Amino acid sequence: MGKVGKRFAAAKAAFEGQENVTVEEAVALIKANSNTKFDETIEIALKLGVDPRHADQMVRGTVNLPNGTGKTVRVAVFARGPKAEEAEAAGADIVGAEDLMETVQSGKIDFDRCIATPDMMPIVGRLGKVLGPRNLMPNPKIGTVTMDVKEAVEAAKGGQVQFKAEKAGVVHAGVGKVSFSEAQLVENIRAFVDAVSKAKPTGAKGSYMQKINLSSTMGPGVSLNVDNATGN
2 MGKVGKRFAA AKAAFEGQEN VTVEEAVALI KANSNTKFDE TIEIALKLGV DPRHADQMVR
62 GTVNLPNGTG KTVRVAVFAR GPKAEEAEAA GADIVGAEDL METVQSGKID FDRCIATPDM
122 MPIVGRLGKV LGPRNLMPNP KIGTVTMDVK EAVEAAKGGQ VQFKAEKAGV VHAGVGKVSF
182 SEAQLVENIR AFVDAVSKAK PTGAKGSYMQ KINLSSTMGP GVSLNVDNAT GN
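Okay, structure coming up:
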């Protein structure tokens with residue numbers, strides 16, 4: 002058993018019997034058992050009672066984490082003229098139009114968030130096969146197709162997290178770093194769970210929030226008490 006295996010086994014042993022815990026207990030447990038050399042991300046996974054293949058059961062949205070994500074987000078913006086200048090001034094990492102489309106088509110995707118002005122959508126639309134599977138396609142519903150480029154860039158840089166239910170009805174996201182204080186992590190987790198809770202689609206039947214799991218990048222997961230996490 003290698004170093005990683007031993008670490009994981011030790012953390013798993015510490016997590017033994019710790020199920021259905023409060024957000025505070027889960028955060029304390031994960032922080033206490035994270036001893037990797039890098040600052041791990043705290044990841045949350047929510048199993049929802051939805052089938053995203055039906056349009057009226059799709060869960061998606063954005064949330065501004067009160068304490069940010071702790072990670073540097075590289076932002077690309079499709080815009081021309083004054084809007085391109087606005088994007089650059091707001092701190093976008095890559096700004097372009099046809100040239101950026103060609104870069105992305107060639108397989109070079111050096112960004113974590115993609116924003117576009119509405120007039121750029123005919124160009125961006127051609128990149129659906131590349132950006133879609135990576136969850137990078139600009140979308141007006143989540144504010145990434147917009148004329149307010151400045152606000153979109155600043156939100157992406159300031160800790161805004163996008164979420165979208167995958168096939169099995171699972172939503173997951175990074176909600177901070179192990180180096181954050183327990184209070185900061187608890188605040189971020191509650192903000193995220195709250196946003197997913199508010200995004201409950203019209204077609205959701207039965208129990209909506211079924212399971213919530215918290216883990217660090219290299220560590221085992223711990224299940225949260227759903228009522229405690231949602232503040233019910």
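Once you know that position 167 of the sequence shown is 168 in the working numbering, the rest is easy, because the numbers rise by one and skip nothing. For every residue, glycine included, the Cβ atom is placed at its ideal position computed from N, Cα and C. These numbers were taken from a predicted model, which means no experiment stands behind them.
Cβ pair residue i, residue j closer than 7 Å
i           : j           : result
residue 110 : residue 145 : no
residue 89  : residue 151 : no
residue 162 : residue 174 : yes
residue 64  : residue 193 : yes
residue 23  : residue 226 : yes
residue 78  : residue 96  : yes
residue 190 : residue 176 : yes
residue 160 : residue 69  : yes
residue 105 : residue 94  : no
residue 28  : residue 155 : no
residue 118 : residue 84  : yes
Delimiting residues of the beta strand (DSSP E) encompassing residue i
i           : result
residue 161 : 161-165
residue 65  : 61-65
residue 217 : 210-217
residue 158 : Here residue 158 belongs to no beta strand (DSSP E); instead the alpha helix (DSSP H) covers 150-158.
residue 76  : 76-79
residue 169 : Segment: none, residue 169 is in no beta strand (DSSP E) and carries neither H nor E.
residue 117 : 114-117
Separation of residue j from residue i, as counted between CA atoms
i           : j           : result
residue 198 : residue 178 : 23 Å
residue 210 : residue 51  : 9 Å
residue 102 : residue 140 : 16 Å
residue 108 : residue 131 : 8 Å
residue 149 : residue 80  : 11 Å
residue 165 : residue 62  : 7 Å
residue 216 : residue 147 : 34 Å
residue 157 : residue 188 : 19 Å
residue 44  : residue 34  : 15 Å
residue 222 : residue 201 : 24 Å
residue 203 : residue 54  : 14 Å
residue 218 : residue 42  : 5 Å
residue 207 : residue 66  : 28 Å
residue 125 : residue 196 : 28 Å
residue 40  : residue 135 : 24 Å
residue 114 : residue 48  : 24 Å
residue 220 : residue 120 : 44 Å
residue 212 : residue 32  : 21 Å
residue 30  : residue 129 : 41 Å
residue 98  : residue 230 : 43 Å
Counted within 10 angstroms of its Cβ, other Cβ atoms place residue i as buried (16 or more) or exposed
i           : result
residue 138 : buried
residue 58  : buried
residue 185 : buried
residue 169 : exposed
residue 167 : exposed
residue 127 : exposed
residue 56  : exposed
residue 73  : exposed
residue 238 : Residue 238 lies beyond the stretch modelled for the chain, which goes from 2 to 233, so this question has no answer here.
The alpha helix (DSSP H) enclosing residue i, as first and last residue numbers
i           : result
residue 86  : 82-90
residue 42  : Careful: residue 42 lies outside any alpha helix (DSSP H), inside the beta strand (DSSP E) at 42-49.
residue 193 : 183-199
residue 29  : 24-33
Beta-carbon separation (whole angstroms), residue i vs residue j, contact threshold 8 Å
i           : j          : result
residue 224 : residue 36 : In fact, because the Cβ distance is near 22 Å, the residues do not count as touching under 8 Å.
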